[in-house]
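As C-alpha coordinates, the structure follows; a few thoughts come after it.
Numbering (our numbering), first residue to last: 131 to 385.
Next up, the structure:
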(Lines of atoms letter the chains of each structure in order from A and count residues from 1; the text may use other names and numbers.)
(Lines give C-alpha, C1' and ligand atoms only; values in the text may rest on other atoms or scores of the structure.)
Protein backbone atom coordinates (compact mmCIF):
# COMPACT_ATOMS: atom_id res chain seq x y z
CA UNK A 1 0.00 0.00 0.00
CA UNK A 2 2.82 2.39 0.87
CA UNK A 3 4.57 1.59 -2.41
CA UNK A 4 1.36 2.46 -4.26
CA UNK A 5 1.26 5.95 -2.75
CA UNK A 6 4.98 6.41 -3.34
CA UNK A 7 4.40 5.95 -7.07
CA UNK A 8 1.78 8.73 -7.20
CA UNK A 9 3.26 12.06 -8.22
CA UNK A 10 0.75 14.91 -8.36
CA UNK A 11 1.93 18.37 -9.31
CA UNK A 12 0.14 21.66 -8.75
CA UNK A 13 -0.94 21.60 -12.41
CA UNK A 14 -2.91 18.37 -11.94
CA UNK A 15 -4.50 19.74 -8.78
CA UNK A 16 -5.44 22.98 -10.56
CA UNK A 17 -6.80 21.01 -13.54
CA UNK A 18 -9.00 18.81 -11.32
CA UNK A 19 -10.21 21.81 -9.31
CA UNK A 20 -11.18 23.81 -12.43
CA UNK A 21 -13.01 20.87 -14.03
CA UNK A 22 -14.82 20.12 -10.76
CA UNK A 23 -15.89 23.74 -10.38
CA UNK A 24 -17.16 23.98 -13.97
CA UNK A 25 -19.03 20.68 -13.63
CA UNK A 26 -20.57 21.82 -10.34
CA UNK A 27 -21.66 25.20 -11.72
CA UNK A 28 -23.10 23.49 -14.79
CA UNK A 29 -25.20 21.22 -12.59
CA UNK A 30 -26.40 24.24 -10.60
CA UNK A 31 -27.48 25.97 -13.82
CA UNK A 32 -29.67 23.05 -14.94
CA UNK A 33 -30.96 22.09 -11.48
CA UNK A 34 -34.75 22.18 -11.42
CA UNK A 35 -35.04 22.60 -15.20
CA UNK A 36 -36.14 20.27 -17.99
CA UNK A 37 -32.46 19.81 -18.86
CA UNK A 38 -31.94 17.90 -15.60
CA UNK A 39 -34.60 15.35 -16.58
CA UNK A 40 -33.07 14.92 -20.05
CA UNK A 41 -29.63 14.46 -18.47
CA UNK A 42 -31.02 11.66 -16.30
CA UNK A 43 -32.35 10.03 -19.47
CA UNK A 44 -28.90 10.23 -21.09
CA UNK A 45 -27.28 8.63 -18.03
CA UNK A 46 -29.80 5.78 -18.21
CA UNK A 47 -28.99 5.26 -21.92
CA UNK A 48 -25.26 5.11 -21.14
CA UNK A 49 -25.90 2.46 -18.47
CA UNK A 50 -28.03 0.42 -20.90
CA UNK A 51 -25.29 0.81 -23.53
CA UNK A 52 -22.66 -0.58 -21.15
CA UNK A 53 -24.88 -3.45 -19.95
CA UNK A 54 -25.86 -4.42 -23.51
CA UNK A 55 -22.18 -4.69 -24.44
CA UNK A 56 -21.34 -6.77 -21.38
CA UNK A 57 -24.22 -9.22 -21.95
CA UNK A 58 -23.81 -9.51 -25.71
CA UNK A 59 -27.06 -7.80 -26.73
CA UNK A 60 -25.60 -6.95 -30.12
CA UNK A 61 -28.60 -5.34 -31.80
CA UNK A 62 -29.34 -3.03 -28.88
CA UNK A 63 -25.64 -2.26 -28.48
CA UNK A 64 -25.36 -1.40 -32.20
CA UNK A 65 -28.37 0.93 -32.07
CA UNK A 66 -27.05 2.75 -29.00
CA UNK A 67 -23.56 2.97 -30.53
CA UNK A 68 -24.93 4.79 -33.57
CA UNK A 69 -27.13 7.02 -31.42
CA UNK A 70 -24.38 7.96 -28.98
CA UNK A 71 -21.98 8.50 -31.89
CA UNK A 72 -23.82 11.73 -32.68
CA UNK A 73 -24.36 12.62 -29.03
CA UNK A 74 -22.92 16.13 -29.31
CA UNK A 75 -25.31 17.03 -32.12
CA UNK A 76 -28.23 15.59 -30.14
CA UNK A 77 -27.22 17.58 -27.06
CA UNK A 78 -27.04 20.84 -29.03
CA UNK A 79 -30.50 20.24 -30.52
CA UNK A 80 -32.16 19.23 -27.25
CA UNK A 81 -30.44 21.78 -25.03
CA UNK A 82 -30.25 24.78 -27.37
CA UNK A 83 -32.37 26.99 -25.08
CA UNK A 84 -30.48 25.87 -21.95
CA UNK A 85 -27.10 26.32 -23.65
CA UNK A 86 -28.11 29.83 -24.72
CA UNK A 87 -29.23 30.64 -21.18
CA UNK A 88 -26.01 29.24 -19.68
CA UNK A 89 -23.84 31.24 -22.10
CA UNK A 90 -25.86 34.36 -21.28
CA UNK A 91 -25.26 33.71 -17.60
CA UNK A 92 -21.53 33.30 -18.20
CA UNK A 93 -21.40 36.51 -20.22
CA UNK A 94 -23.37 38.38 -17.57
CA UNK A 95 -20.98 37.29 -14.84
CA UNK A 96 -23.38 34.91 -13.12
CA UNK A 97 -21.20 31.82 -13.66
CA UNK A 98 -17.86 32.74 -12.12
CA UNK A 99 -18.53 35.96 -10.24
CA UNK A 100 -21.28 38.24 -9.05
CA UNK A 101 -21.94 41.39 -11.01
CA UNK A 102 -23.15 44.57 -9.41
CA UNK A 103 -26.15 46.12 -11.13
CA UNK A 104 -28.41 48.97 -10.20
CA UNK A 105 -31.00 47.70 -7.71
CA UNK A 106 -34.65 48.61 -7.45
CA UNK A 107 -35.42 50.97 -4.58
CA UNK A 108 -38.44 50.84 -2.29
CA UNK A 109 -40.31 53.65 -4.07
CA UNK A 110 -40.08 51.93 -7.46
CA UNK A 111 -41.19 48.59 -5.98
CA UNK A 112 -44.17 50.18 -4.23
CA UNK A 113 -45.25 52.01 -7.39
CA UNK A 114 -45.10 48.79 -9.41
CA UNK A 115 -47.09 46.86 -6.80
CA UNK A 116 -49.75 49.57 -6.56
CA UNK A 117 -50.05 49.65 -10.35
CA UNK A 118 -50.27 45.85 -10.65
CA UNK A 119 -53.05 45.39 -8.12
CA UNK A 120 -54.90 48.48 -9.31
CA UNK A 121 -54.97 46.93 -12.78
CA UNK A 122 -55.94 43.55 -11.32
CA UNK A 123 -58.98 45.06 -9.61
CA UNK A 124 -59.98 46.74 -12.87
CA UNK A 125 -59.22 43.52 -14.83
CA UNK A 126 -56.71 45.23 -17.08
CA UNK A 127 -54.15 42.81 -18.52
CA UNK A 128 -50.47 43.59 -17.98
CA UNK A 129 -47.01 42.03 -18.28
CA UNK A 130 -44.05 43.60 -16.46
CA UNK A 131 -40.57 42.07 -16.70
CA UNK A 132 -37.80 42.88 -14.23
CA UNK A 133 -34.27 42.48 -15.55
CA UNK A 134 -31.74 40.72 -13.34
CA UNK A 135 -28.20 39.72 -14.32
CA UNK A 136 -28.86 38.64 -17.91
CA UNK A 137 -29.37 41.79 -20.05
CA UNK A 138 -32.66 42.11 -21.91
CA UNK A 139 -31.38 44.54 -24.52
CA UNK A 140 -32.53 42.40 -27.46
CA UNK A 141 -36.15 42.58 -26.32
CA UNK A 142 -35.92 46.24 -25.32
CA UNK A 143 -34.87 47.11 -28.87
CA UNK A 144 -38.04 45.42 -30.19
CA UNK A 145 -40.24 47.73 -28.12
CA UNK A 146 -40.58 51.46 -27.61
CA UNK A 147 -37.76 52.76 -25.43
CA UNK A 148 -38.96 55.08 -22.65
CA UNK A 149 -36.29 55.62 -19.98
CA UNK A 150 -38.91 56.81 -17.45
CA UNK A 151 -39.30 56.32 -13.72
CA UNK A 152 -41.93 53.69 -12.83
CA UNK A 153 -45.22 55.01 -11.49
CA UNK A 154 -48.75 53.65 -11.20
CA UNK A 155 -50.01 56.35 -13.56
CA UNK A 156 -47.45 55.51 -16.25
CA UNK A 157 -47.98 51.74 -16.05
CA UNK A 158 -51.75 52.15 -15.94
CA UNK A 159 -51.64 54.32 -19.05
CA UNK A 160 -49.40 51.91 -20.96
CA UNK A 161 -51.65 48.90 -20.32
CA UNK A 162 -54.99 50.70 -20.67
CA UNK A 163 -57.07 48.78 -23.26
CA UNK A 164 -56.82 49.86 -26.91
CA UNK A 165 -53.70 51.97 -26.39
CA UNK A 166 -50.86 51.24 -28.87
CA UNK A 167 -48.55 49.60 -26.30
CA UNK A 168 -50.98 47.62 -24.14
CA UNK A 169 -50.41 44.25 -25.84
CA UNK A 170 -46.64 44.14 -25.31
CA UNK A 171 -44.53 43.84 -22.19
CA UNK A 172 -42.92 46.54 -20.06
CA UNK A 173 -39.27 45.89 -19.17
CA UNK A 174 -37.83 47.48 -16.05
CA UNK A 175 -34.08 47.92 -15.59
CA UNK A 176 -33.20 48.97 -12.07
CA UNK A 177 -35.26 52.10 -11.33
CA UNK A 178 -36.16 52.73 -14.97
CA UNK A 179 -38.99 51.67 -17.24
CA UNK A 180 -36.65 50.86 -20.12
CA UNK A 181 -39.24 50.03 -22.78
CA UNK A 182 -42.89 49.20 -23.42
CA UNK A 183 -44.67 47.23 -26.11
CA UNK A 184 -41.90 44.62 -26.11
CA UNK A 185 -42.52 41.33 -27.93
CA UNK A 186 -41.30 38.38 -25.89
CA UNK A 187 -40.68 34.72 -26.83
CA UNK A 188 -43.54 32.33 -26.03
CA UNK A 189 -42.87 29.13 -24.14
CA UNK A 190 -43.34 26.02 -26.26
CA UNK A 191 -43.92 22.36 -25.50
CA UNK A 192 -45.65 23.00 -22.18
CA UNK A 193 -49.32 22.36 -21.51
CA UNK A 194 -50.87 25.27 -19.62
CA UNK A 195 -54.26 25.78 -18.03
CA UNK A 196 -56.88 26.96 -20.54
CA UNK A 197 -57.40 30.12 -18.48
CA UNK A 198 -53.80 31.22 -19.10
CA UNK A 199 -53.30 33.33 -22.20
CA UNK A 200 -50.53 34.74 -24.36
CA UNK A 201 -49.17 37.02 -21.61
CA UNK A 202 -48.58 34.02 -19.35
CA UNK A 203 -46.83 32.13 -22.16
CA UNK A 204 -44.64 35.16 -22.84
CA UNK A 205 -43.81 35.48 -19.13
CA UNK A 206 -42.78 31.82 -18.98
CA UNK A 207 -40.86 32.16 -22.25
CA UNK A 208 -38.70 35.11 -21.17
CA UNK A 209 -38.03 33.64 -17.71
CA UNK A 210 -37.08 30.30 -19.25
CA UNK A 211 -34.51 31.92 -21.55
CA UNK A 212 -33.18 34.44 -18.99
CA UNK A 213 -33.07 34.91 -15.21
CA UNK A 214 -35.68 37.71 -15.32
CA UNK A 215 -38.80 37.87 -13.15
CA UNK A 216 -42.14 38.56 -14.85
CA UNK A 217 -45.38 39.78 -13.27
CA UNK A 218 -48.61 39.03 -15.15
CA UNK A 219 -52.10 40.45 -14.60
CA UNK A 220 -54.93 38.42 -16.13
CA UNK A 221 -57.59 40.59 -17.72
CA UNK A 222 -60.14 37.74 -17.62
CA UNK A 223 -59.75 36.81 -13.94
CA UNK A 224 -58.01 39.82 -12.42
CA UNK A 225 -55.40 37.49 -10.92
CA UNK A 226 -51.74 38.41 -10.41
CA UNK A 227 -49.13 35.73 -11.26
CA UNK A 228 -45.35 35.68 -11.15
CA UNK A 229 -43.07 33.74 -13.53
CA UNK A 230 -39.50 32.90 -12.64
CA UNK A 231 -37.17 30.24 -13.99
CA UNK A 232 -39.81 29.08 -16.47
CA UNK A 233 -42.29 28.35 -13.67
CA UNK A 234 -45.50 30.18 -12.78
CA UNK A 235 -46.72 31.04 -9.28
CA UNK A 236 -50.41 31.96 -9.25
CA UNK A 237 -52.13 33.69 -7.61
CA UNK A 238 -49.92 35.98 -5.50
CA UNK A 239 -51.00 38.68 -3.05
CA UNK A 240 -49.41 42.08 -2.42
CA UNK A 241 -47.16 40.89 0.43
CA UNK A 242 -45.86 37.90 -1.56
CA UNK A 243 -45.14 40.04 -4.60
CA UNK A 244 -43.35 42.65 -2.50
CA UNK A 245 -41.15 39.98 -0.90
CA UNK A 246 -40.30 38.51 -4.31
CA UNK A 247 -39.36 41.92 -5.69
CA UNK A 248 -37.27 42.70 -2.65
CA UNK A 249 -35.44 39.37 -3.03
CA UNK A 250 -34.94 40.24 -6.68
CA UNK A 251 -33.43 43.57 -5.70
CA UNK A 252 -31.14 41.97 -3.12
CA UNK A 253 -29.79 39.37 -5.60
CA UNK A 254 -28.85 41.97 -8.20
CA UNK A 255 -25.99 43.32 -6.14
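We treat Cβ as the ideally placed atom computed from N, Cα and C, and that holds for glycine.
All figures in this text were calculated on a predicted structure; none of them were measured in a lab.
Contact between residue 247 and residue 281 does not hold, since their C-beta atoms are separated by about 12 Å, which reaches or exceeds 8 Å. The segment 239 to 246 makes no contact with the segment 314 to 326: fewer than 3 CB pairs, one atom from each, lie closer than 8 Å. Residue 345 sits away from residue 309, with the two beta carbons spaced by 9 Å or more.
By the neighbour-count definition (other C-beta atoms within 10 Å, threshold 16), residue 202 is an exposed residue. Taken in chain order, the complete beta strand (DSSP E) segments of 3 residues or longer contained in the segment 289 to 373 are 301 to 305, 308 to 314, 345 to 349, 356 to 360, 363 to 365. The C-alpha of residue 196 is placed about 15 Å away from the C-alpha of residue 205. According to DSSP, residue pairing for residue 146 in a beta bridge does not occur. Secondary structure note for residue 245: its alpha helix (DSSP H) is the uninterrupted segment 238 to 253. In the DSSP annotation of this structure, residue 263 is not part of any beta strand (DSSP E), being labelled neither H nor E. The C-alpha of residue 249 lies about 46 Å from the C-alpha of residue 175. Residue 376 sits away from residue 348, with the two beta carbons spaced by 9 Å or more. Contact between residue 354 and residue 253 holds, with the beta-carbon distance rounding to 6 Å and staying under 8 Å.
Collapsing the DSSP output to three states places residue 279 in a strand. Counting along the chain, no alpha helix (DSSP H) covers residue 187, and no H or E run does either.
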